[in-house]
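First comes the structure, then the notes that go with it.
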Amino acid sequence: MSLSDPVRQIVRQRAGNCCEYCLSHQDYIMGRLQVDHILPVAKGGGDELENLCLACELCNQYKWTKTKFNDPQTGQSIALFNPRQQQWSDHFQWSDDGTEIIGLTACGRATVAALQLNNSLAVVVRRNWVRAGWHPPTLNT
């Protein structure tokens, strides 16, 4: 089932037009931000607003149907970050140079690893955004 345009608009507005995982803004990426099912449909998730978030293509592709991933520090399987239930700043922070996302908690570390939030392309792009004065974003949470 396809999501309606009004639902997509609500998700986009609620997210401030930013990926809710890596915080990339729609104005700075080539491609449309996508609506992600936090609990994937393939794992029983539905189309209710509390199960939807905005994601860039890279984050959405890396997440795919994952809901858990191993924390690189402890090796334990940990639930991934849920933007509807958790605050980004409780689980992540930007590196001093603004190019990498640092996981502060097991959830944050597992999400950074699972979604490959610091893949080489993302780091290069963020470095250029920093030079342009566009990054890192100011957090409202």
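Note that the numbering used here has the sequence shown beginning at -6, numbered continuously upward.
We treat Cβ as the ideally placed atom computed from N, Cα and C, and that holds for glycine.
Item to check | Where Ile3 sits in the DSSP three-state scheme | outcome: Looking up residue 3 in the sequence shown gives position 10. Ile3: helix per DSSP, three-state reduction.
Item to check | Residue range of the beta strand (DSSP E) that includes Ala107 | outcome: Your numbering for residue 107 matches position 114 in the sequence shown. No beta strand (DSSP E) contains Ala107, which is instead part of the alpha helix (DSSP H) from Ala99 to Ala107.
Checklist entry - Where does Cys52 fall in DSSP's three states? => result Position 59 of the sequence shown, counted from the first residue, corresponds to residue 52. Cys52 falls in the helix class under three-state DSSP.
Checklist entry - Can you tell me the Cα-Cα spacing of Leu97 and Trp87, whole angstroms? => result Walking along the sequence shown from the start, residue 97 turns up at place 104. Walking along the sequence shown from the start, residue 87 turns up at place 94. So the two alpha carbons sit approximately 10 Å from each other.
Checklist entry - Does DSSP put Trp122 in a helix, in a strand, or in coil? => result Numbered from its first residue, the sequence shown carries residue 122 at position 129. DSSP places Trp122 in helix when its eight states are reduced to three.
Item to check | Cβ-based neighbour list, Asn111, same chain, cut-off 7 Å, excluding 5 preceding and 5 following | outcome: By one-based count along the sequence shown, residue 111 stands at place 118. Contacts found: Glu93, Ile94 and Val105.
Checklist entry - Counting Cβ pairs closer than 8 Å, one from the segment 29 to 42 and one from the segment 51 to 63, do we hit at least three? => result yes
Next on the checklist: Going by beta-carbon coordinates alone, are Gly91 and Pro129 separated by less than 7 Å?
Outcome noted: The count along the sequence shown starts at 1 and reaches residue 91 at position 98. The count along the sequence shown starts at 1 and reaches residue 129 at position 136. Contact: yes.
Item to check | Alpha carbon of Asp83 to alpha carbon of Ala99, nearest angstrom | outcome: Residue 83 sits at position 90 when you count from the first residue of the sequence shown. Residue 99 sits at position 106 when you count from the first residue of the sequence shown. Rounded to the nearest angstrom, the two C-alpha atoms are 11 Å apart.
Item to check | Alpha carbon of Glu43 to alpha carbon of Val118, nearest angstrom | outcome: To locate residue 43, count along the sequence shown from 1; it is residue 50. To locate residue 118, count along the sequence shown from 1; it is residue 125. The alpha-carbon atoms of Glu43 and Val118 are separated by roughly 30 Å.
Checklist entry - Do Leu73 and Ala107 have their CB atoms nearer than 7 Å? => result Numbered from 1 along the sequence shown, position 80 holds the residue referred to as residue 73. Numbered from 1 along the sequence shown, position 114 holds the residue referred to as residue 107. Yes, Cβ-Cβ distance for Leu73 and Ala107 is below 7 Å.
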